[in-house]
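Residue numbering for the sequence shown follows the working numbering, starting at 38 and increasing by one per position. Heads up: the structure comes next, in structure tokens.
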Amino acid sequence: MKRRQALKRLLQASGGMVATLLPGCVNSQHLRLLFAVEPQQFDQPLPEHRVTPVGEFYVQSYASPPEVNLDTWQLQFTGLVDQPLTLKFTDILAAPQADFYLTMECIGNRTGGKQIGNALWMGTPLLPFLKQVGVQDKAVEFMLHGADSYETTLPVADLMRSDVQLVHRMNGEPLTRSHGFPLRIIIPGRYGQKQPKWLTEIEAIATPKKGYWERQGWSNTAKIATHAIAQKVQGEKVWNKNYHIDLPRMGESGWQGGVTLAGVAIDQAQPMEWVRISTDNGQTWMQADINQPSSPHEWTLWQYLWQPTQPGTYKLLAQAKSRTETQKIIDKNGKDGSAGILRISVNLEP
Ligand SMILES: Nc1nc2c(c(=O)[nH]1)N[C@H]1C(S)=C(S)[C@@H](COP(=O)(O)O)O[C@H]1N2
Ligand SMILES: [Mo]
């Protein structure tokens, strides 16, 4: 079947389908924001950005979120600095503001899991404040503290970068309590554990230490591995289906008109070169369409129109390559966030 014909069939088949698939979702408007593409959009280029609505954005907190009073909240710069500094929230707002898209993922996200989201964050760079306080040569790391007593550490050089941001808005709104109101820090290229919410203290320390999750064996560098995540097969969100999907031949989501596969890919710091798809468990591969986000810290969207001709069971895989790293074909995520390949089994009914 030609691509055009397949597209036409998809157009006919897709009406109303997505809205009925996911019980928890109120309307198809929400779904459109969640997924890279809907089948009917397949002839259009992928959007430049896909933002996860705050209400859909995963929350990962080791304790219950602290309630922070804006008037008494402070951010303190302590430890091995020449001039300790205490900032009020108004000081944060008085500094130059910038917004940027960035994808956050938990290092413990299961392959294909939902602990990943993309937002438009707004804040101010940390670096001018670090220059102001004067970090001493003896300092090797910073320990970042949250109001919930969460802590994590980073080498001095990794925090003294111009792209490290003190963030107070997410998708145009002040941070919600569960996402770290009033202020969190964002260190691009690292998994979520390196981004403390409810930030209260930045402490320069003389000997390396480990933070809360790192003491429990999670990677201390927590650099994001290159990986592709398949999020959708036709109208189905893969994470709800134990990675097994049955597609009927006839009816609204029938596979004979072509099956949309879609998802995201992310790297530590480099743009994605390709995302490829296998429908035969890795024997042969086809290149997916990808978008070109302006920042490598924002997920790359991908989509692929699969046009199967035979019923049967297929094993789908998605693999990513950035400029510097190719995702390995392995089946398990480790405590370093190494991203395993997700094998999705799809049964095309006769
Ligand atoms: N203060 C504090 N910051 C924290 C955490 C926490 O428990 N407390 N969890 C971290 C982890 S493990 C992740 S994945 C991200 C999740 O951010 P989110 O809840 O806004 O998605 O926050 C990080 N920052
Ligand atoms: Mo996390």
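Beta carbons: idealized from backbone N, C-alpha and C, even for Gly.
Whose C-beta lies closer than 7 Å to the C-beta of residue i among residues of the same chain, with five residues either side of it excluded?
{"i": "A184", "result": "P103, V105, W235 and T237"}
{"i": "M323", "result": "R313, I314 and Y341"}
Please report how far the alpha carbon of residue i lies from the alpha carbon of residue j, in whole angstroms.
{"i": "E273", "j": "D373", "result": "29 Å"}
{"i": "S375", "j": "P233", "result": "21 Å"}
{"i": "L385", "j": "Y280", "result": "14 Å"}
{"i": "D368", "j": "V193", "result": "34 Å"}
{"i": "M180", "j": "L167", "result": "13 Å"}
{"i": "Q364", "j": "H264", "result": "6 Å"}
{"i": "S332", "j": "P387", "result": "44 Å"}
{"i": "N370", "j": "P84", "result": "29 Å"}
{"i": "D200", "j": "V270", "result": "35 Å"}
{"i": "T350", "j": "H86", "result": "33 Å"}
Report the residue from the options whose alpha carbon sits nearest the alpha carbon of residue i.
{"i": "Q307", "options": "A262, T321, H205 and E289", "result": "A262"}
{"i": "D283", "options": "I327, T244 and I381", "result": "I381"}
{"i": "T115", "options": "E210, T123 and K151", "result": "T123"}
{"i": "G149", "options": "D119, H334, V177 and Q356", "result": "Q356"}
{"i": "L196", "options": "E335, L163, Y228 and G217", "result": "L163"}
{"i": "T109", "options": "F218, L117 and V301", "result": "F218"}
{"i": "T190", "options": "M141, G288 and E240", "result": "E240"}
{"i": "A100", "options": "T89, S186, V172 and Q134", "result": "S186"}
{"i": "L220", "options": "Q111, D174 and L117", "result": "Q111"}
Leaving out five residues on either side along the sequence, give the residues of the same chain with a beta carbon under 8 Å from the beta carbon of residue i.
{"i": "W158", "result": "D136, F137, Y138, L139, Q202, V204, R206, M207 and I223"}
{"i": "Q169", "result": "Q120 and L122"}
{"i": "H216", "result": "V91, F94, V96, M207 and K234"}
Taking 8 Å as the cut-off, decide whether the C-beta atoms of residue i and residue j are in contact.
{"i": "L354", "j": "I378", "result": "yes"}
{"i": "W343", "j": "T316", "result": "yes"}
{"i": "Q230", "j": "I144", "result": "yes"}
{"i": "K260", "j": "E178", "result": "no"}
{"i": "G248", "j": "Q305", "result": "no"}
Go through its chain and collect everything with a Cβ distance to residue i's Cβ below 6 Å, but skip five positions before and after it.
{"i": "G160", "result": "Q202, L203, V204 and H205"}
{"i": "R214", "result": "P102"}
Are there 16 or more other CB atoms within 10 angstroms of the CB of residue i, so buried, or fewer, so exposed?
{"i": "L130", "result": "exposed"}
{"i": "I366", "result": "exposed"}
{"i": "G295", "result": "buried"}
{"i": "G288", "result": "exposed"}
{"i": "P76", "result": "Legend: pLDDT at P76 = 46, less than 50; position of this residue unreliable, no value from coordinates given."}
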